[in-house]
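Numbering (the numbering used here), first residue to last: 35 to 502.
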């Protein structure tokens, strides 16, 4: 139980959030970023000259001497349409301009990430701990071992506290990509605002988004409810009457989407990694139903179909190809401005780009599996024609390919090449970091000599542009 939040503080919670969501006066935005500029100049004395440039929207951009924006330029997180078994962003209701505005007002993140422990360091520490303790039981997903130990059970207070954060159940903001972001933000919001209890409706957008992939009802509803509540330290309710007499604050999906916590970045990343591991402690295997009594799919379907009996030891890489309904170039250009990655390479997935990653790590002699949204078949054709990649490239069998199965196949691969403009690639990359798995490639660009190189460390994987 966290300390109680006063009634007056509760009433002003959303007003405070409006500031966090980017509703700041033009004068205020400029003042904040100028202050950040001064701090950045002190903290980064060896960096190229920093230049403040008006952004044409009443604010300013901070640009390094290399021309790289230090203010964050954002687009809405992409989403997924599972109804046709391919990713789709055509109907996402996230407001790209609002996310861009939000990101521009957070210029401190680049400075913060430079001086914080990287996600890569976290992984190395975790992996080293596991290596030094041979008796530690590693998490296993679909017959393949991760490089991280099984999370310890949480100590939850089963009572309902006075101050309750209730997730509004009907108004879903976006689809899977957005909803996972909102799920992660929910726990951080409750922590920041000192709520005693998080309450989630039995049926609603959040349980639907989660139970599609994890925590299906396999036996009785009561058993599932107990399991879910103990895993995440939340309360599942059937109606608001169960919260009668409590101080209830109801939060909407969209507010969670835009929430940006002032919490230390490393703490936020660690919290999200823990949530990801908790999700995968109960991944669906085709048994059971969701909260609306619909049969769930098997998260292991693509691994089983593609790797067969050798799935536990198979060595393979996964390429995630996305065209993003014609918005790919725009979204990737925005990502490029923040991270320095190439603005087109992850969309085209040309053979030289793929080989620059797989050849140095010895993966061209092993199966290469392509997962995609089905919008750009030319990617597979180009890779199949290449003399080095062609003998190994293959697609997941259609009858076994669905969002959850493809996602798990990529997460558990020996090497992953993704599109940094895709929310699915982002979640795959974040999960790989959480599980201590290396060889994750999202942010690449050519150097002055024309050679491909990584341009952004794993902090970018958890950056606001992608999901955190």
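Don't be surprised by glycine CBs; every beta carbon is placed ideally from N, CA and C. The structure presented is a predicted model; accordingly, all values stated were derived computationally and were not measured.
Item to complete: Output the residue ranges of the beta strand (DSSP E) runs that lie fully inside the stretch 357-408 and measure 3 residues or longer, sorted by chain position.
Response: If you keep only unbroken beta strand (DSSP E) runs of at least 3 residues inside the stretch 357-408, you get 402-406.
Worksheet entry | CB contact flag (residue 423, residue 389, <8 Å) | The criterion of a C-beta distance shorter than 8 Å is satisfied by residue 423 and residue 389.
Discussion item. So, does the stretch 397-407 touch the stretch 300-313, judging by three or more C-beta pairs under 8 Å?
Written reply: No: the two stretches stay apart, fewer than three of their Cβ pairs being nearer than 8 Å.
Item to complete: Look at the Cβ atom of residue 428, then the Cβ atom of residue 385, and state whether they are nearer than 8 Å.
Response: No; because the gap between Cβ atoms is not below 8 Å, this pair is not in contact.
Discussion item. Suppose contacts are defined by Cβ-Cβ distances below 8 Å. Is residue 309 in contact with residue 414 by that definition?
Written reply: Not a contact, by the Cβ cut-off of 8 Å.
Worksheet item: Considering only residues of the same chain and omitting the five flanking positions on each side of residue 147, which have a CB-CB separation below 7 Å?
Response: With a pLDDT of 35 at residue 147, under the threshold of 50, the modelled position of that residue is not reliable, and the figure given next carries that caveat. Hits under 7 Å: 299 and 493.
Worksheet item: Under the three-state reduction of DSSP, which class applies to residue 245: helix, strand or coil?
Response: DSSP places residue 245 in helix when its eight states are reduced to three.
Worksheet entry | Paired residues, beta bridge with residue 301 - DSSP | Looking at the DSSP assignment, residue 301 forms no beta bridge with any residue, so it has no partner.
Worksheet item: Do residue 264 and residue 270 come within 8 Å of each other at the CB atom, strictly closer than that value?
Response: Their beta carbons are not under 8 Å apart, which means residue 270 does not touch residue 264 by this criterion.
Fill in: Neighbourhood of residue 129 by C-beta, 6 Å cutoff - its chain only, sequence neighbours within 5 removed
Caution applies to residue 129, whose pLDDT of 48 falls short of 50 and renders its modelled position unreliable; the model cannot decide the point.
Discussion item. Taking only three categories from DSSP, how would you classify residue 350?
Written reply: Taken through DSSP and simplified to helix, strand or coil, residue 350 comes out as coil.
Worksheet item: Would DSSP call residue 417 helix, strand or coil?
Response: If DSSP states are grouped into helix, strand and coil, residue 417 belongs with the helices.
Fill in: Own chain partners of residue 198 with C-beta closer than 6 Å, once the 5 adjacent residues on each side are dropped
Only 231, 233, 277, 280 and 282 meet the Cβ criterion.
Practice prompt. Take residue 272 and list the residues in its own chain whose beta-carbon comes closer than 7 Å to its own, dropping the five residues that flank it on each side.
Written response: Answer for residue 272: 236, listed in chain order.
Worksheet item: Which residue or residues does DSSP assign as beta-bridge partners of residue 200?
Response: Paired residue(s): 233 and 284.
Practice prompt. Under 8 Å by Cβ, that's how I've got residue 352 and residue 447 pegged, so tell me the actual separation to the nearest angstrom.
Written response: So it is a contact: roughly 4 Å between Cβ atoms.
Worksheet item: If you drop the 5 nearest sequence neighbours on each side, which residues of the same chain put their C-beta closer than 8 Å to that of residue 480?
Response: Apart from sequence neighbours up to five positions away, the residues of its chain that approach residue 480 with a beta-carbon distance below 8 Å are 376, 486 and 487, ordered along the chain.
Worksheet entry | Chain-order list of residues whose beta-carbon lies under 7 Å from that of residue 420 (same chain, five-residue window excluded) | Excluding sequence neighbours, residue 420 sits near 385.
Worksheet item: In terms of residue numbering, what span does the alpha helix (DSSP H) encompassing residue 258 cover?
Response: If you look at residue 258, you'll find it in the alpha helix (DSSP H) that goes 255-266.
Item to complete: May I ask you to report which of helix, strand or coil DSSP gives residue 148?
Response: The pLDDT assigned to residue 148 is 32, lower than 50, so where the model puts this residue is not dependable; a value taken from the coordinates is nonetheless given after this. DSSP places residue 148 in the helix class (H, G or I) of the three-state scheme.
Fill in: Runs of beta strand (DSSP E) wholly within the stretch 429-474 (minimum 3 residues, chain order)
Positions of the beta strand (DSSP E) runs, each at least 3 residues long and wholly inside the stretch 429-474, are given as 449-451 in order along the chain.
Practice prompt. Spatial neighbours of residue 161 within its chain, please: CB distance less than 6 Å, with the 5 preceding and 5 following residues excluded, ordered by chain position.
Written response: Because residue 161 carries a pLDDT of 40, less than 50, the predicted location of this residue cannot be relied on, and the following value inherits that uncertainty. Annotation for residue 161: 181 and 470 place their beta carbon closer than 6 Å to its own, counting only its chain and skipping 5 residues before and after.
Worksheet item: Count the other CB atoms within 10 Å of the CB of residue 172; is the residue buried (16 or more) or exposed (fewer)?
Response: Exposed, since its Cβ has fewer than 16 Cβ neighbours within 10 Å.
Discussion item. What does DSSP give as the partner residue(s) for residue 252 in the beta ladder?
Written reply: According to DSSP, which records beta bridges pairwise, residue 252 is partnered with nothing at all.
Worksheet entry | Per DSSP, the bridge partner or partners of residue 422 | According to DSSP, residue 422 bridges with nothing at all.
Item to complete: Put residue 276 into one of helix, strand or coil per three-state DSSP.
Response: Of the three classes helix, strand and coil, the one that applies to residue 276 here is helix, per DSSP.
Worksheet entry | Within 8 Å, strictly: CB atoms of residue 454 and residue 347 | Cβ atoms of residue 454 and residue 347: not closer than 8 Å.
Worksheet item: What span of residues does the beta strand (DSSP E) with residue 172 cover, start to end?
Response: That run of the beta strand (DSSP E) goes 172-175.
Item to complete: Take the Cβ of residue 67 as the centre, count every other Cβ of all protein chains shown within 10 Å, and call the residue buried at 16 or more, exposed below.
Response: Bear in mind that the predicted position of residue 67 carries a pLDDT of just 39, short of 50, making it too unreliable to give a figure here.
Item to complete: Pick helix, strand or coil for residue 292, following the three-state DSSP scheme.
Response: Secondary structure of residue 292 (DSSP, three-state): helix.
Practice prompt. State whether the stretch 330-349 contacts the stretch 436-451, with contact taken as three or more CB pairs (one from each stretch) at a distance under 8 Å.
Written response: The count of Cβ pairs closer than 8 Å, one atom from the stretch 330-349 and one from the stretch 436-451, reaches three, so the stretches are in contact.
Practice prompt. Counting only the same chain and skipping the five closest in sequence on each side, list residues whose C-beta sits under 6 Å from that of residue 203.
Written response: Excluding sequence neighbours, residue 203 sits near 235 and 238.
Discussion item. Could you compute how far the alpha carbon of residue 177 sits from the alpha carbon of residue 345?
Written reply: Those two C-alpha atoms are separated by around 7 Å.
Worksheet entry | Reduced DSSP category for residue 337 - H, G, I as helix; E, B as strand; rest coil | In the three-state scheme derived from DSSP, where H, G and I count as helix and E and B as strand, residue 337 is classed as helix.
Discussion item. Relative to the C-alpha of residue 410, which candidate in 325, 255, 382 and 399 has its C-alpha closest?
Written reply: Per the C-alpha coordinates, the member of 325, 255, 382 and 399 positioned closest to residue 410 is 382.
Item to complete: Could you pull the start and end residues of the alpha helix (DSSP H) that residue 226 belongs to?
Response: Taken as a continuous stretch (DSSP letters only), the alpha helix (DSSP H) holding residue 226 covers 210-226.
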